[in-house]
Amino acid sequence: MSGATFNNAEDAAESAQQTVGVPLGGVGAGCCELGRDGRFRNITINNNRTSDSRIEVSPGSIIAIRAARRGKVALRILQTDSALPFSDAGIAAPYTASQRLAWRGVYPCSHYKLDDPTYPLEVTWTGLTPIIPYDHEASTLPLVFLSFYIQNPSDVSYEVSLAMNWENLCGCTRGSFPEKRGPIRPILVSHDQERKTLESQAHEPDPRRLIAGLEFGFRDEFRTSAEGNYALLIGQQRDVQVSMMGWNERDPRELEVFWNQFHDSGRLGNKLSRHESSHSGALCATFDVGPQQTRNIVYVLAWYCPKYVVHGSDQRNGYANNFRSAIEVATQGLTYHKYYFKAVEDWQRRIMTSTLPQWLSKALINNNYVLSTNTLFNGGNDFAMFETPSDPRVSTLDRRLYSSIGSLLFFPNFDEGELASIARPKDPQHPGRIYRFSGLLDNRHSSHGTSKDVMLDTSIAFVLMAYRNYFMTGKRFILDHLFARVRDAMAFVLEHDRDGDALPEQHGCSMTRDRWAVYGTNSYTSSLWIVALRAYARLARRLNDKAEALKYEQLLPRALESFDRKLWFEEGGYYRLYCATGIEDAPME
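Counting in my numbering, the sequence shown runs from 483 upward without gaps.
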């Protein structure tokens, strides 16, 4: 994910950055990336969370704007390219050149500006997902907002049309684009403004009702995790006319019809192709912008793929507990979109206006992008984070020790639940040994990994996370429900102190640097262990277990002395990685 200020410089080196952007999507809900070229990329909204299954780009999706006055029309496609066959249709596509498309990424927002002095209107827009600290419901919504501001700096009026074409990707994953993706249906609202109920129908819209948006895909009987439905809605305004079209984005003739309707009248024909090859649905908003006036139009794209089958078990997505379709998701999004935008702006502003250096403030904001790319939130309301999309091990404990501080600060309930999930399974041979990770793409298949060497820092990391979470949140739950596991974890590590120096011994690839072999006393694990001695003693005293606290308090001075004596290298002025003294068959360091 990239974060930058507006940048219009022509630079060939930037071409490599066209394929990355700000991931927009709720926690555990999948995401789309919107970056420098304005295209929807690296799409994981179909439960295709891994790097080898995510869709690299949405081929036929575009956003275009039309400004018309007295027969003169100005058109721009608000991205640098697409896969639509404009040349085959004999159309000179008015894409926005990269030097005219200004972009700034600040998670969870992707900001754009049409920086074209020849265009009569000033156009800016923002893609946003409501990642909001402590608001777990908003932050798990499977949707993306696109909020457009069109400003007219002149003294004359313009008729403006804003069209978004979304290609139905139902059932698709990387390298697999089935022909049957479900129909496209109009979403309608009654002319009576007192009735807000949205309805979807199979064919052309009922003339007694107003078009509110489009629905894509299947409604039920989803065969795979990649199947579901999408909704594209426009926020209702009395003086905004909404039109639509369903068409085959690969057919130059249908593209010509779509583009000519948009170019000539600023409206679409309200017709839907029923052919299975027609995967695109375009939604157009038409309105007037008076002299010196600014108008705001909000689109919302929502998705709903409730099945999440891993290892033969459907774990469902957490958002399916609250919604029955993408229409319901999109409706809630539009109902509360003003709050979502303000709340995101507020937490970003708090960090950006702090006393921290600007570069650090931006890094702290943008590094939270993993909440959209590397998280699970299943039907059991279990939250978990996996290492990377290319190595989707879930809740890898030795790594989560460091990364979980972010999820704890944003969503303490999620982090508390993940820690409880980590604590739940027990090793039948060593009850105090905490599993290294909870599964591959799920949290139901705990494992120590493939190494035969026993990792000790995972059990220590569990102790430190329990201590940290308790003293940061003050929740008694952590002590009441996790302390027994914390006690067993401490006892398990202590069993590996075979020479009585209060520090555990290790052998082989047995720490988070899983390709580094260590023998005897290891400086990484032992340093964590020393911290855990103090932390655990404090937890024990908080529970009034004085004997347990005293036991580990008495170990601490001896552990500190042993650490310096065995690991400090005076001549070099540093601590050794390990000390293998007294360990048989250990190699020389």
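A virtual CB, placed ideally from N, CA and C, is assigned to each residue, including glycine.
Treat the numbers as computed from the prediction; the structure is a model and nothing was measured.
Residues that DSSP places opposite residue i in a beta bridge
i     : result
D770  : E641
P505  : E515
L964  : Per DSSP, none; premise fails for L964.
I544  : N647
T857  : M867
I537  : I525
V782  : F627 and L715
C1061 : T1003
H793  : BP columns for H793 are empty, so no partner.
R558  : I547
Q723  : T768
G990  : V1000
G728  : L754 and G763
S580  : DSSP lists no partner for S580.
T633  : Note on identity: in this sequence residue 633 is Gln, with Thr being the wrong assignment. Partner(s): E604 and T776.
E697  : R667 and A713
Y692  : Inspection of the sequence shows that residue 692 is occupied by Leu rather than by Tyr. V671, per the DSSP bridge assignment.
F823  : Beta-bridge pairing links F823 to no other residue.
V876  : F868 and G921
Residue closest to residue i, alpha-carbon to alpha-carbon, out of the options
i     : options                     : result
S843  : N850, M834, N849 and Y851   : M834
L1084 : W998, D637 and R749         : Past the edges of the chain, shown from 483 to 1071, lies residue 1084, and the structure says nothing about it.
Q774  : Q633, F522 and A973         : Q633
D770  : L783, N803, Q723 and E758   : Q723
G931  : D873, A845, L985 and F896   : D873
R882  : H593, P660, T857 and N863   : T857
S1008 : M937, L692, V791 and N1026  : M937
F974  : Y917, F698 and W998         : Y917
A966  : Q719, D924, R756 and A948   : A948
I666  : M646, L696 and G990         : L696
R926  : G861, R586 and L506         : G861
E703  : R523, M726, P788 and G572   : P788
R831  : Y589, T994 and K820         : Y589
D1046 : Y1057, G888 and K753        : Y1057
R656  : T994, S540, A694 and Q718   : S540
I613  : R806, V504 and L1049        : V504
H912  : C513, A620 and R969         : R969
T1063 : G572, H989 and V792         : H989
S564  : L557, G572 and P576         : P576
G800  : L853, F859, I809 and E758   : F859
T994  : Y1006, G921 and I537        : Y1006
L610  : E619, P839 and Y594         : Y594
R997  : A1031, D935, E1030 and D962 : D935
Supposed contact pair residue j and residue i - C-beta distance, whole angstroms, cut 8 Å
i     : j     : result
A550  : Y631  : Their Cβ separation, rounded to whole angstroms, is 19 Å, which puts A550 and Y631 out of contact at 8 Å.
F865  : V876  : Between V876 and F865 the Cβ distance is about 10 Å, and since that is not below 8 Å, they are no contact.
L596  : T562  : About 12 Å separates the two Cβ atoms, so there is no contact after all.
Y851  : V811  : That belief does not hold up - the Cβ atoms of Y851 and V811 are roughly 21 Å apart, past 8 Å.
R980  : S941  : Contact doesn't hold; Cβ gap of about 16 Å is too wide.
N1026 : Y1060 : The pair is not a contact, with the Cβ atoms about 38 Å apart (cut-off 8 Å).
L901  : M954  : About 12 Å separates the two Cβ atoms, so there is no contact after all.
A802  : L623  : A802 to L623, Cβ: 12 Å. No contact.
R1020 : A984  : Not confirmed; about 18 Å, so no contact.
A767  : Y712  : Rounded, the Cβ-Cβ distance is 18 Å, inconsistent with contact.
S725  : L754  : S725 to L754, Cβ: 12 Å. No contact.
For residue j and residue i, the rounded distance between their alpha carbons
i     : j     : result
K662  : G542  : 16 Å
V509  : G553  : 47 Å
I1012 : Q1036 : 12 Å
Y1034 : C591  : 48 Å
I904  : T878  : 9 Å
T600  : D617  : 43 Å
K957  : N951  : 8 Å
Y1018 : E1053 : 34 Å
R735  : A546  : 19 Å
L1015 : T837  : 34 Å
R677  : V780  : Model confidence at R677 stands at a pLDDT of 44, short of 50, so the residue's coordinates are unreliable; what they give is reported in the following sentence. About 20 Å.
F522  : N848  : 19 Å
Q675  : L692  : Its pLDDT being 49, under 50, Q675 is placed unreliably by the model, and the measurement read from it follows with that caveat. Rounded to the nearest angstrom, the two C-alpha atoms are 10 Å apart.
W585  : G699  : 31 Å
S580  : R518  : 8 Å
E986  : P907  : The amino acid at residue 986 is misidentified as Glu; the sequence shows Pro. Taking the straight line joining both Cα atoms gives about 24 Å.
S569  : E738  : 10 Å
Q718  : L516  : 25 Å
Test: residue i CB closer than 8 Å to a CB of chain D
i    : result
I527 : As a matter of chain content, chain D is missing from the structure shown, which is built from one protein chain.
ask   = Counting Cβ pairs, one atom from each stretch, are 3 or more of them under 8 Å apart for the stretch 790-810 and the stretch 696-716?
value = yes
Touch test, the stretch 528-545 against the stretch 646-656, Cβ-Cβ under 8 Å, three pairs minimum = yes
query = Per the contact definition of three or more C-beta pairs closer than 8 Å, is the stretch 817-831 in contact with the stretch 758-768?
reply = Verdict: no, contact absent.
request  = Could you tell me whether the stretch 737-749 touches the stretch 617-629, where touching means 3 or more Cβ pairs closer than 8 Å?
outcome  = no
inquiry  = For the stretch 728-744 against the stretch 605-612, do three or more pairs of beta-carbon atoms, one drawn from each stretch, fall closer than 8 Å, so that the two count as touching?
reply    = Cβ pair count under 8 Å is below three, so no.
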